[in-house]
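For the sequence shown, the UniProt record's numbering assigns the number 1 to the initial residue and increments by one for each residue that follows. Every residue, glycine too, gets a C-beta built ideally from N, C-alpha and C.
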Amino acid sequence: QADNLAAGLLQLGLSPGNRLGIWGPNSSEWFISRLAAARAGLIAVQIDPAYQAPQMVESINKVGIKALICSDFYKTNSCYQIIRAVVPELDNCPESGVELNGSRVPTLKTLIFMSDKEYLGAYRLSDVMATARPETLKAIRKLQTMIQPDDGCTIQFSSGTTGSPKGVLLSNHNLINNARFIGRRLDMNMLDGALVLPVLFCHTSGLMAGIMGTVRFGATLILPSATFDIKKTLEAIIKFGAAMTLGTPSLFVDMITIARQEGLKVTTLKTVAYGGAPCPVQVALEMKEVLNIKRILPIFGMTETGLTFVGKPEDTLEQMTSTSGCLCYHTEAKVVDVNGRMVPMGTQGELWVRGYSVMNEYWGDEEMTRQLITKDGWVKTGDLFILQEDGYGKVVGRINEVIIRIGDKIFPTELEEFFQEHPDVQETQVFGVPDSRTGEEICAYFRLKDGTTLTQQDIVDYCKGKV
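The following block contains the structure:
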């Protein structure tokens with residue numbers, strides 16, 4: 001199917017190096033489209049399905065998308081209606097399947113929908129696949145001998161270490177090796193059950209584990225729902241006897257709650273990978289007790305560097321919950337001070353990373369690329385980090401998220417970990433807010449465990465003598 005689609009895309013006039021946007025929630029069509037882009041030597045631009053018209057215009061123009069594959073809907077949003085705002089000229093198209101000439105997005109020439117429904121100006125994915133001919137399939141096979149490891153194959157949008165979205169160009173060498181070594185660390189090569197994926201393909205973890213990892217290790221992939229749904233994820237794990245899943249700690253907290261409320265029994269999960277936030281020890285213990293999870297492995301990275309720290313199957317509970325994982329194979333990391341000089345092991349500083357998983361560039365932005373990557377290939381992550389001699393590390397926070405209150409530096413992560421030790425607190429988020437007297441004040445939001453209550457005074461009393 002992927003080769004048929006790749007051949008069909010060539011029939012439509014695309015050629016290696018052109019940018020192919022993929023926009024929609026997880027689906028088998030999304031998966032096939034991603035593989036087809038690789039087979040045709042195209043650069044797949046992975047777009048967040050939550051994007052609205054302004055973000056779509058910016059994304060298409062930023063990287064020069066020539067063709068866009070879309071789903072029908074994302075949640076309650078009609079993707080076609082959003083595209084009509086991006087390409088108003090669609091309303092004047094006499095039929096489906098025509099070349100576009102949109103004034104707002106001049107590079108976009110082809111629109112394809114993952115749908116049986118016909119839309120003005122757009123092709124159906126199945127029709128594009130059906131146009132494959134022996135000669136174009138032969139051309140696809142020949143391309144496999146010409147595509148190079150260092151060729152760019154994927155663009156993901158990232159805010160990087162600043163706020164403006166940038167197009168991160170990743171190579172074949174980057175993705176294949178990142179998937180290989182992450183998969184080995186997660187024991188995907190030994191996986192005797194399916195992977196249930198509740199996170200989006202367009203995100204780093206969804207791409208690396210959900211697409212690249214399952215293809216690399218021949219694992220079965222289960223997509224529980226088109227949009228994020230904890231209950232459907234849990235039901236899919238039980239129905240298919242899944243051996244692995246991944247998500248944030250909050251996902252597993254919700255999964256535990258539903259399993260308890262509905263008396264659901266999970267017996268097959270061997271490995272879960274988590275990222276995005278620390279996992280408190282109590283949550284990890286409940287994951288083992290309620291969900292019968294054997295291994296809880298942290299994963300850490302960023303779009304520009306791939307996943308660079310991943311836990312090991314033999315990790316202790318302390319390593320599972322108090323670290324961001326262990327440095328991946330064949331990857332370099334160091335922690336430096338404000339002058340870029342290495343600090344002693346166990347000392348806090350900025351994490352720099354170097355290796356095969358580092359991006360090629362920010363698309364069309366040499367200046368921002370130079371600011372991020374040093375001349376000798378180190379990526380300045382902007383993360384405050386502590387690195388140990390055994391290769392394990394821990395994120396302390398973001399340099400630009402440090403709260404400076406009356407000259408004192410306060411790290412939100414440290415306070416979040418402290419508050420999450422409170423028996424009634426499920427999750428907490430700490431950040432700084434401007435204050436005319438102190439410069440910044442500390443603000444904290446709390447998510448409480450079911451059936452509990454807390455007052456502001458309770459929090460103040462809990463902090464006395466401790467922070």
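Measure the C-alpha to C-alpha separation of residue i and residue j and round it to an integer number of angstroms.
i: VAL433; j: VAL395; result: 22 Å
i: ASP347; j: ALA37; result: Rather than Asp, the amino acid found at residue 347 in this sequence is Thr. Distance between the alpha carbons of THR347 and ALA37 is about 44 Å.
i: ASN178; j: ARG370; result: 23 Å
i: residue 475; j: PRO224; result: There is simply no residue 475 to check, as the chain begins at 1 and stops at 467 in what is shown.
i: ASN92; j: TYR119; result: 12 Å
i: SER171; j: LEU42; result: 11 Å
i: ILE32; j: LEU5; result: 8 Å
i: MET188; j: LYS294; result: 14 Å
i: THR161; j: VAL379; result: Residue confidence is low: THR161 scores 49 on pLDDT, short of 50, so the model does not pin down where it sits. Its coordinate-derived value is still stated next. Straight-line Cα distance between these residues: approximately 11 Å.
i: CYS326; j: THR271; result: 16 Å
i: VAL358; j: GLU304; result: 6 Å
i: LEU264; j: ILE238; result: 8 Å
i: ARG216; j: PHE201; result: 16 Å
i: PRO165; j: ILE182; result: 26 Å
i: LEU100; j: SER59; result: 17 Å
i: ILE403; j: THR438; result: 11 Å
i: VAL335; j: CYS70; result: 42 Å
i: GLY276; j: PRO16; result: 34 Å
i: THR455; j: PHE431; result: 19 Å
i: LYS409; j: GLU401; result: 10 Å
i: ALA130; j: SER96; result: 16 Å
i: GLY64; j: LYS109; result: 10 Å
i: VAL353; j: ALA333; result: 4 Å
i: ASP254; j: THR145; result: 47 Å
i: LEU387; j: ALA132; result: 52 Å
i: VAL266; j: LYS288; result: 10 Å
Which partner residues does residue i have in the DSSP bridge list?
i: ILE109; result: Going by the sequence as given, residue 109 is Lys instead of Ile. The partner list for LYS109 (beta bridge, DSSP) is empty, contrary to what the question assumes.
i: PRO434; result: GLU440
i: LYS166; result: SER158
i: GLU361; result: LEU169
i: THR331; result: GLY355
i: ALA38; result: For ALA38, which the question treats as bridged, DSSP gives no partner whatsoever.
i: LEU70; result: Before going on, a small fix: residue 70 reads as Cys here, not Leu. DSSP, once it has assigned bridges, lists TRP23, PHE113 as partnering CYS70.
i: SER78; result: PHE73
i: PHE300; result: PHE309
i: THR428; result: PHE446
i: MET244; result: LEU195, THR271
i: ARG398; result: ASP383
i: ASP151; result: ASP151 pairs with nothing; no bridge assigned.
i: ARG124; result: PHE113
Relative to the C-alpha of residue i, which candidate in the options has its C-alpha closest?
i: VAL445; options: PRO49, VAL460, THR428, ASP435; result: Per the sequence shown, the amino acid found at residue 445 is Tyr instead of Val. The residue with the shortest Cα to Cα distance from TYR445 is THR428.
i: THR256; options: LYS466, MET208, LEU285; result: The question names Thr, but residue 256 is Ile in the sequence shown. Nearest C-alpha to ILE256: LEU285.
i: GLN148; options: ILE176, ALA122, LEU307, GLN156; result: ILE176
i: ASP72; options: PRO224, ILE82, MET320; result: ILE82
i: LEU297; options: THR323, HIS422, GLN282; result: THR323
i: ASN174; options: ALA242, ASP376, ILE155, MET146; result: ILE155
i: ALA53; options: GLY64, MET212, ASN77, LYS232; result: ASN77
i: TRP30; options: LYS466, ASP458, ILE47; result: ILE47
i: MET212; options: LEU14, CYS153, GLU135, ASN61; result: CYS153
i: PHE385; options: THR220, SER250, TYR356, PRO344; result: PRO344
i: SER205; options: THR248, ILE230, ALA132; result: THR248
Rounded C-beta distance between residue i and residue j? I'm assuming under 8 Å.
i: LEU246; j: VAL199; result: 7 Å
i: THR331; j: PRO25; result: 31 Å between Cβ atoms; not a contact.
i: ILE258; j: TYR274; result: In fact, because the Cβ distance is near 17 Å, the residues do not count as touching under 8 Å.
i: ILE56; j: VAL86; result: Per the sequence presented here, residue 56 reads as Met, with Ile not at that position. Their Cβ separation, rounded to whole angstroms, is 5 Å, which keeps MET56 and VAL86 in contact under 8 Å.
i: LEU186; j: THR214; result: With 8 Å as the limit, LEU186 and THR214 do not qualify as a contact, their Cβ atoms being about 11 Å apart.
i: GLY311; j: MET320; result: 6 Å
i: ASP390; j: GLU350; result: Not really, about 20 Å apart at Cβ, beyond 8 Å.
i: ASN360; j: LEU169; result: 4 Å
i: PHE418; j: VAL467; result: 6 Å
i: LEU221; j: LEU191; result: About 11 Å; that fails the 8 Å criterion.
Does the beta-carbon distance from residue i to residue j come in below 9 Å?
i: LEU68; j: ALA40; result: no
i: MET244; j: GLY306; result: no
i: LEU35; j: ALA7; result: no
i: GLY397; j: GLU414; result: yes
i: ILE22; j: ALA44; result: yes
i: PHE252; j: VAL283; result: yes
i: ALA122; j: TYR80; result: yes
i: LYS464; j: VAL425; result: no
i: GLY218; j: TYR362; result: no
i: GLY193; j: PHE157; result: no
i: LEU125; j: ILE112; result: yes
i: GLU318; j: VAL281; result: yes
i: LEU12; j: VAL105; result: no
i: TYR329; j: ARG184; result: yes
i: THR316; j: ASN292; result: no
i: ASN18; j: LYS62; result: no
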